[in-house]
Every structure is written in C-alpha cells, then in structure tokens.
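Below is one structure; the comments refer to it alone.
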Amino acid sequence: MKDTVLVLGGRSDIGLAVAHRFAAAGHPMALALRNAEDLEAARADIALRHDIQASLHEFDALDTGALRGFVESFDPVPGVVVSAVGAMGDQAESECDPTAAALVMRSNYEAPSQALELFAGRMEAQGHGTLVGISSVAGDRGRASNYVYGSAKAGFTAYLSGLRNRLSQTGVHVVTVKPGFVATRMTEGMDLPAALTATPDEVAEAVFRAVERHRCVVYVKPIWWAVMRVICSIPEPIFRKTRIGA
Amino acid sequence: MSAFRTVELAGWGRYPRRPGPVAHPRSVDEIATLLQGGGIIARGNGRAYGDSAMGAAATLDLRRLDRMLAFDAQSGQLVAEAGVLLGDVIAAFLPQGWFPQVTPGTKFVTLGGAIAADVHGKNHHRDGSFGAFVDWIDVMNADGKVVRASREEQADLFAWTVGGMGLTGVILRAAIRLRPVESAWIAQQTIPAPSLRHAMDAFEAADDALYSVAWVDCLAKGPALGRSLVITGDHARAADLPTQYQSKPFETPRKRRLSLPFDAPAAALNGLSVRAFNALYWKRGQRAPRHRLIDWDSYFYPLDAILGWNRIYGRRGFLQFQCALPLETSETGLAALLSETAKAGQGSFLAVLKRFGAQESRFSFPMAGYTLALDFPANARTFALLDRLDAITLDHGGRFYLAKDARLAASSLHRADPRAETFRNMRREAGLDRAFASAQSERLIL
Ligand SMILES: Cc1cc2nc3c(=O)[nH]c(=O)nc-3n(C[C@H](O)[C@H](O)[C@H](O)COP(=O)(O)OP(=O)(O)OC[C@H]3O[C@@H](n4cnc5c(N)ncnc54)[C@H](O)[C@@H]3O)c2cc1C
Ligand SMILES: NC(=O)c1ccc[n+]([C@@H]2O[C@H](COP(=O)([O-])OP(=O)(O)OC[C@H]3O[C@@H](n4cnc5c(N)ncnc54)[C@H](OP(=O)(O)O)[C@@H]3O)[C@@H](O)[C@H]2O)c1
Numbered sequence: 000m001k002d003t004v005l006v007l008g009g010r011s012d013i014g015l016a017v018a019h020r021f022a023a024a025g026h027p028m029a030l031a032l033r034n035a036e037d038l039e040a041a042r043a044d045i046a047l048r049h050d051i052q053a054s055l056h057e058f059d060a061l062d063t064g065a066l067r068g069f070v071e072s073f074d075p076v077p078g079v080v081v082s083a084v085g086a087m088g089d090q091a092e093s094e095c096d097p098t099a100a101a102l103v104m105r106s107n108y109e110a111p112s113q114a115l116e117l118f119a120g121r122m123e124a125q126g127h128g129t130l131v132g133i134s135s136v137a138g139d140r141g142r143a144s145n146y147v148y149g150s151a152k153a154g155f156t157a158y159l160s161g162l163r164n165r166l167s168q169t170g171v172h173v174v175t176v177k178p179g180f181v182a183t184r185m186t187e188g189m190d191l192p193a194a195l196t197a198t199p200d201e202v203a204e205a206v207f208r209a210v211e212r213h214r215c216v217v218y219v220k221p222i223w224w225a226v227m228r229v230i231c232s233i234p235e236p237i238f239r240k241t242r243i244g245a
Numbered sequence: 000m001s002a003f004r005t006v007e008l009a010g011w012g013r014y015p016r017r018p019g020p021v022a023h024p025r026s027v028d029e030i031a032t033l034l035q036g037g038g039i040i041a042r043g044n045g046r047a048y049g050d051s052a053m054g055a056a057a058t059l060d061l062r063r064l065d066r067m068l069a070f071d072a073q074s075g076q077l078v079a080e081a082g083v084l085l086g087d088v089i090a091a092f093l094p095q096g097w098f099p100q101v102t103p104g105t106k107f108v109t110l111g112g113a114i115a116a117d118v119h120g121k122n123h124h125r126d127g128s129f130g131a132f133v134d135w136i137d138v139m140n141a142d143g144k145v146v147r148a149s150r151e152e153q154a155d156l157f158a159w160t161v162g163g164m165g166l167t168g169v170i171l172r173a174a175i176r177l178r179p180v181e182s183a184w185i186a187q188q189t190i191p192a193p194s195l196r197h198a199m200d201a202f203e204a205a206d207d208a209l210y211s212v213a214w215v216d217c218l219a220k221g222p223a224l225g226r227s228l229v230i231t232g233d234h235a236r237a238a239d240l241p242t243q244y245q246s247k248p249f250e251t252p253r254k255r256r257l258s259l260p261f262d263a264p265a266a267a268l269n270g271l272s273v274r275a276f277n278a279l280y281w282k283r284g285q286r287a288p289r290h291r292l293i294d295w296d297s298y299f300y301p302l303d304a305i306l307g308w309n310r311i312y313g314r315r316g317f318l319q320f321q322c323a324l325p326l327e328t329s330e331t332g333l334a335a336l337l338s339e340t341a342k343a344g345q346g347s348f349l350a351v352l353k354r355f356g357a358q359e360s361r362f363s364f365p366m367a368g369y370t371l372a373l374d375f376p377a378n379a380r381t382f383a384l385l386d387r388l389d390a391i392t393l394d395h396g397g398r399f400y401l402a403k404d405a406r407l408a409a410s411s412l413h414r415a416d417p418r419a420e421t422f423r424n425m426r427r428e429a430g431l432d433r434a435f436a437s438a439q440s441e442r443l444i445l
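Protein chains in written order, with numbering that gives the first Met the number 0: chain Y, 0 to 245; chain V, 0 to 445.
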C-alpha cells in the first residue's frame, strides 16, 4: 500500500489538483482545511475517480494552539505532507491596516511553517517522509504591488530551506515549490499573461515529480526560473524605477 | 465569486461565432446568483455544433461542477455533477467493469449536455437514448431553487428537461446507470453495402447487435447511391479475447494523439479531396477483415483521437445536418437527401446513417426510423443546400436534431415537430422563457 498524502489547504485549486495527481498514482489522500464538511463532493470525487481512500480533516493553520493536536491526530504520520495554505490579501489594505497585513503574513509564513515543522518532527522520529511547501516567486523579490504577500512567501521559502538543511541527514526531504502565475480562485478576474500562467494541474505535476525525484526547489513553468534570475539580478536602484518593480 | 466576462463563443462547428458574457461558477449558490439577470443558458463542453449552448444574454459554463459523488456497484448507479465528462466516467469505471449505457460519438461531452440533448448512441435501436438511463436529476429552476426530478417525483420537469436543450433549467446533478461489461473491447463486424437498400437491409438484419451504424459514401450516385459500410458491434466477453488479454480485459494499448491546433486552409477540403477520401474509405472498408476486436476508444470515438479536428474546415467553420425520418418514408427520404447532396458535389467527410428504435418523449429528437448526419463547410452553397435538405425532410415527415443545428428556420422546426409549440407554451406558462434562452431558442422561437 502506498503512503498517505496529506494536503493542508485542501480546498485550494492547487491543493485539489495535487490531491488528484497523487491519488491517480494510487496514494490514499487526506485533505485538511477549514469547514472541511463543505468539501465532501470533492472528497468523494477523488476517491471514486482514482479508486482510493480519501478523508477530510478540520484544520485551521492559524489556530496555533491546536496545531500539535492536529498533527498528532494522524497515526501513522502521512508519508507526504503538502502545504497549499496561503492568502493573497489586498496590498493596499495591508498598507493601512496592520491587522489585515498580519493575516497575510501569518497565513503565508507563520502558519504553514509551524504546521510543517510539527510534521517534520514526527517524520524525523520515524526516519522518512517528504514535506512540500507551496511558496511563490513573489518571495524572490519584493515588489511595490504585493510586498506584504511577497515578504511572507520569502519568509516561508527561507524557512523551508532551513528545515531542509536541518533534516538533511534524517531521511526527511523538503521540497520548495515556487509557482509563478497560476489560474486559480486566488487570481480569478486578474489579467494574467497566458504564456506565463500555469494551470493547477501543471503545478500538481511539478509537485508530484519533485517529490518522486527528491528535488529541493522547483519553479513551475521552466521560464519562471529564467525570469526570476533576471529580476533578481537587477540592482535595487534600477529595479525601483522599472515597471516590474512596481 | 465567478463573474461574467465577455469571450468569443461558438459551438463545435465554429459557426456561428460571437462574443458573449460567460461565467464559470464553482457552486450551486453561485449559479443561483448568476441566473438573476435572465436570458441564461447552461453550457457543457461545447460539443453541440451550432448555437444551442450560447446564451441569449449570458452563458454559464458548468465544467467546474465536475465531481463524481457516489457509485453503487450493485445497481451500477453513478451520481455525479453535471459538468463531469463522459470520458472521465469511462476512465474511472471501465477498469472496474462499467461503461456508459449510451454514448454519443465523442466522449468529450458533459453529463448535463448528454441529458439536455438526450443524446443517442449506436445502440438506440436496442436501448433508446441517454435519458432512458437517467434515474433522477437535480435541476435549478428560474427562481434559483433546486428541484429533484425523476419519473416518480416532478415527473413533468423530468420529462421536459431530458431533451429540453437547457431551456427548462440548469441540470446540476444526475444519477445515471452504467452498463456492466466484461472487457474494454468491442467485437466488430463490417458489412459492405453497395447501395442504400442493401445498407437498410443490413441494419434490419443486424437488429440483434447491440451497436450498429453505417458510414455512407455520400458522393456515390446512381445505382451506388447510399453505398455504405455498416458496422456492428457488441461488448466482447473476457473469454472471447485473445489469451494475452484475458488476464487484463480492461487494458487497451495506448495510442498516439494527433492534434490539429491550426486552422486548415479551406482549400484543403475541396470536393476532390473529399471524393478521394470517401472512395478510399469505401475501398479499404471492403477489404478490411469482416470480424475483428477493436478497443472501445477506437470503436466509439474515432474522431476524438484527433483533438481539434473541427478546425479542418478552416476559420469559417462548418455545419452539420442531422434529421430523423419515420420508418415508412425512410428509404425514399434518405435517397432524396443523398442524391441532393451528391448532386451538389459539396462533399461531406462524415455521413453517418443509423437505425433508431421507438422512443416516446416530450421533446427529444429520436423516433422510430432512420437518422442521417452530414457535415459541410460553412459557405453560401452549403446554406442553399441545407435549405433543400430541410424541405426534403419536411416532405417526408422527418424532424431535426437541435444539438447539430445552427441555422434552421423557426418555421421549418415548427412545421416538422408540433411538440415545439407545446414546449414553447409550457415554457411561457412556467415563466421559463425569460430565465432560460439560447441563441438557438430565440432563432427557433422556443
Ligand atoms: C464528434 C461528435 C460526435 C457526436 N456524436 C453524437 C451522437 O452520436 N449522438 C448524439 O446524440 N449526439 C452526438 N453529438 C452531439 C453531442 O453529443 C451533443 O451536442 C451534446 O449535447 C454535447 O454535450 P456538451 O456537454 O458538449 O454540451 P454543450 O454542447 O455545451 O450543450 C448542448 C446543450 O446542452 C445544454 N446543457 C449543457 N449542460 C447543461 C446543464 N448542466 N444543464 C442544462 N442544460 C445543459 C446546453 O444548454 C445546450 O442546449 C456529437 C458531437 C460531436 C462533436
Ligand atoms: N494562484 C497563484 O497565482 C499562485 C502563485 C504562486 C503561489 N501560489 C500559492 O499556492 C497556494 C495555493 O493557492 P491557490 O492559488 O490554490 O489559491 P487559494 O484557492 O486561495 O488557496 C489558498 C488556500 O489556503 C487556505 N488557507 C488560508 N488560510 C488558511 C488557514 N488559516 N488554515 C487553513 N487553510 C487556510 C485557503 O482555505 P479557505 O478556502 O478555507 O480560505 C485556501 O484553500 C497558496 O499558498 C498560494 O500563495 C498561488
């Protein structure tokens, strides 16, 4: 029997696509999310399409005090844990409302990092397991239009990198996934450039392959790696004046 | 919340085409909100050829409602949302020994589209249409309320919605019956029929076969008029498979997919190439082995192997013509339709003839007799030819398939089918005509 795969943020379009991809390969699935009962139709669909077991778990990543109990409710610990938790927020609102900013920072950085850390501890104890964090290219460089979200993703990316290095001798592997634009609920209604925009299924395929091949950091469309190399190499005084910086 | 955005809309024939607002709702609640403006039509996977799935005011694309909800392995009943594709049903359940009871010639249709058009398959003469295997549907009405309809409860709504072309409400979920099968293979028989009479005889003789269809060389004239390859099929039993497949009866070899991403120049499809294609197909068919095993995908969905094949007709698109004729007038009617087509020399890559069994329904297309489907590039000569084919159909007491239509005149529809008037009155009285309307329903005054 294959390892169970747990997706945190199971309602997200990317999280669901990841669930279908692993289920298609025969993995039992667990989906953790807020208001879990709403997702019954999607759960049944995953189970029926792929002829596997699938379960729903109530989970709020911001409920810090409850995280340990949540993580311990899995026995055995899932073989793979993927975090799709995140929130885009509204940049303008975050600039004038610290509470709104805190929610974006916590949802993208603090909450998923803490949840994955607790799973890391249990995987370390048993000597195997894979953790996947869905971060973002937005964390590679701060831009005027979304630096609250971007900085939180930068924090998450750095956290995943540190976690990976800490666990390097333990049999536990950590994958950082950095999608560029993805057509999901999060970006619905935005005008995204088609050539740079991935589907949730493409993200899922990248996650699946990265887990199988023990990759450390993956971009979702290969072009994004190149785009981000260029963006990161522009000196700050110049970047400040460009359209991309905005 | 999904909102309306204007995009270019067309059916599979890519004629007509026009921009219109489309939303992609994710939930039942969103649909209820989006319905409020009126003039809405539900859209499945856009495989109807003409303007059936183009909203009069706006269109709801239901492909996000694509979850399978429950399956009962005792009865073979699948409960699923309307946007689930038939191909996904096959992918999930054929490995467990189940196949759709009725399937059209493409697996890229949604359950909602299959119910709304009450589609038929190659087994209509034996089993009837898709609707015969629908146990119940959940339909959203004009007020945004969800009503469960079946043959027992809300029987009128059920009867009008199956075959109602989306004009009675939005189908949200359905319970459909699957067929138990022993393998993924079809035992196929090819019968060359040198004339229309021979083809019809072959159909009558093959009444026992679960599936039957004929591919007609619609350019043949004179005594060869209507020469066809009649192809029958039955689900192969596991014991009938070659030994290497018996242990894994649901596995079939993987195929390469071709795709046609660009528009072919219209000239690629002139009368000459069609003639060559038809002649070649006929020759090959005659030489082909009479009996063989063929995988389900190649048997039911040969065109699906070429993704985007509708572009072969170029940017102007193409038109399908499909009518059904009563048994009594079938032979003369088909002969007249085929000679008119052959005379026009317009060519049709695909001319498909099929025997229909009896069917009683409120507004569905099939009736006991024969159905003929032809396709043509969209141009002025085609429009003129189609008017003549309409007239022949009317003279022979036939009716037209709305899932294929893009240009029929309202007067022709209403002359051909008195049920259209009843359907329209029912819609008026129930207040459905304001809420649900397609470009087609406006053109045809439904
Ligand atoms: C290659 C090919 C072969 C075909 N072969 C056959 C065949 O053998 N037999 C046959 O019968 N047909 C055949 N068809 C036609 C096709 O099966 C029908 O047009 C079918 O309705 C398409 O389903 P769809 O999901 O694409 O629906 P669409 O084309 O998107 O919509 C078709 C109609 O269904 C309505 N509809 C769709 N979803 C819903 C919903 N959820 N609630 C209410 N109304 C809805 C729409 O309003 C519209 O009136 C074929 C089409 C192609 C392209
Ligand atoms: N879409 C893009 O262009 C893009 C690009 C790069 C990276 N990403 C990242 O990809 C991931 C998935 O996003 P998506 O695009 O699929 O959008 P999404 O549907 O908005 O997904 C975000 C998910 O995070 C969940 N979530 C937020 N806070 C939570 C909490 N406290 N506890 C539990 N779950 C919580 C949300 O759950 P609720 O449904 O309960 O709100 C939601 O399902 C996110 O991390 C996102 O930042 C997206």
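Note that beta-carbon positions come from the ideal geometry of N, C-alpha and C, so glycine has one too.
{"Item": "Between the segment 90-106 of chain Y and the segment 20-31 of chain Y, are three or more C-beta pairs nearer than 8 Å?", "Value": "no"}
{"Item": "I need the DSSP call for leucine 82 of chain Y, collapsed to helix, strand or coil.", "Value": "Reading off the sequence, residue 82 of chain Y comes out as serine, not leucine. Looking at serine 82 of chain Y - three-state DSSP - the assignment turns out to be strand."}
{"Item": "Using three-state DSSP, classify leucine 209 of chain V as helix, strand or coil.", "Value": "coil"}
{"Item": "Please tell me whether methionine 67 of chain V has its Cβ less than 8 Å away from any Cβ of chain Y.", "Value": "yes"}
{"Item": "Look at the alpha carbon of serine 1 of chain V and the alpha carbon of proline 178 of chain Y, and state the distance between them as a whole number of angstroms.", "Value": "23 Å"}
{"Item": "Looking only at its chain, what residues have a beta carbon closer than 8 Å to the beta carbon of glycine 141 of chain Y, apart from the 5 residues adjacent to it on each side?", "Value": "Gly149, Ser150 and Ala153"}
{"Item": "Exposed or buried, phenylalanine 299 of chain V, counting other C-beta atoms within 10 Å across all chains shown (16 or more means buried)?", "Value": "buried"}
{"Item": "Strictly under 8 Å for the Cβ-Cβ distance: is alanine 22 of chain V near chain Y by that measure?", "Value": "no"}
{"Item": "Who are the neighbours of phenylalanine 249 of chain V on chain Y, taking C-beta pairs under 9 Å?", "Value": "Those within 9 Å of phenylalanine 249 of chain V in chain Y number zero; the least Cβ separation is about 12 Å."}
{"Item": "Is alanine 197 of chain Y helix, strand or coil by DSSP?", "Value": "strand"}
{"Item": "So, is arginine 42 of chain V buried or exposed, given that buried needs 16 or more other C-beta atoms within 10 angstroms?", "Value": "buried"}
{"Item": "Contact between the segment 410-427 of chain V and the segment 9-24 of chain V is defined here as three or more beta-carbon pairs at a separation below 8 Å; is this criterion met?", "Value": "no"}
{"Item": "Using a Cβ-Cβ cut-off of 8 Å, state whether arginine 48 of chain Y counts as contacting chain V.", "Value": "yes"}
{"Item": "Kindly confirm or deny that the segment 323-340 of chain V and the segment 212-227 of chain V touch, where touching means at least three C-beta pairs closer than 8 Å.", "Value": "yes"}
{"Item": "Just the chain V side, please: which residues come within less than 7 Å of alanine 83 of chain Y by C-beta, in chain order?", "Value": "Simply none; closest approach about 17 Å."}
{"Item": "Would you mind sorting glycine 45 of chain V into buried or exposed? The rule is 16 or more other CB atoms within 10 Å of its CB.", "Value": "buried"}
{"Item": "Identify each residue in the segment 26-59 of chain Y for which the Cβ-Cβ distance to at least one residue of chain V is less than 8 Å, and report them in chain order.", "Value": "Ala40, Ala41, Ala43, Asp44, Leu47, Arg48, His49 and Asp50"}
{"Item": "Taking only heavy atoms of ligand 2 into account, decide whether any of them is closer than 7 Å to the Cβ of glycine 49 of chain V.", "Value": "no"}
{"Item": "Quick one: Cα of glycine 170 of chain Y to Cα of threonine 156 of chain Y, how far?", "Value": "20 Å"}
{"Item": "What's the C-alpha gap between valine 78 of chain V and proline 234 of chain Y?", "Value": "57 Å"}
{"Item": "What residues match up with glutamine 187 of chain V in a beta bridge as DSSP calls it?", "Value": "V:Gly232 and V:Arg291"}
{"Item": "Please check if any C-beta of chain V sits within less than 8 Å of the C-beta of glutamate 204 of chain Y.", "Value": "no"}
{"Item": "Phenylalanine 70 of chain V versus chain Y: which residues are under 7 Å apart at the beta carbon?", "Value": "Leu47"}
{"Item": "Quick one, which of V:Val118, V:Asp50, V:Phe435 and V:Leu393 has its alpha-carbon nearest glycine 162 of chain V's?", "Value": "V:Val118"}
{"Item": "Which same chain residues end up closer than 8 Å to methionine 67 of chain V when comparing Cβ atoms and leaving out the 5 residues on each side of it in sequence?", "Value": "Leu77, Val78, Ala79, Glu80, Val83, Asp87, Val88 and Ala91"}
{"Item": "Are there 16 or more other CB atoms within 10 angstroms of the CB of phenylalanine 382 of chain V, so buried, or fewer, so exposed?", "Value": "exposed"}
{"Item": "Restricting to runs no shorter than 3 residues, where is the beta strand (DSSP E) found entirely within the segment 346-409 of chain V?", "Value": "350-355 and 368-376"}
{"Item": "List the endpoints of the continuous beta strand (DSSP E) containing phenylalanine 98 of chain V.", "Value": "97-99"}
{"Item": "Can you give me the C-alpha to C-alpha distance between arginine 4 of chain V and methionine 189 of chain Y, rounded to a whole angstrom?", "Value": "11 Å"}
{"Item": "Mind pulling the chain V residues with CB within less than 7 Å of glycine 188 of chain Y?", "Value": "Ala2"}
{"Item": "Hey, is the segment 371-389 of chain V in contact with the segment 316-326 of chain V, meaning 3+ C-beta pairs nearer than 8 Å?", "Value": "yes"}
{"Item": "Quickly, what does DSSP pair valine 78 of chain V with across the bridge? List them, please.", "Value": "V:Ala69 and V:Ala174"}
{"Item": "For serine 227 of chain V, name the three-state secondary structure that DSSP assigns.", "Value": "strand"}
{"Item": "Any Cβ of chain Y within less than 8 Å of the Cβ of aspartate 87 of chain V?", "Value": "yes"}
{"Item": "With a CB to CB cut of under 6 Å and the five nearest residues on each side skipped, what residues in its chain are close to arginine 236 of chain V?", "Value": "Glu181"}
{"Item": "Check proline 20 of chain V in the structure and name its three-state DSSP category.", "Value": "strand"}
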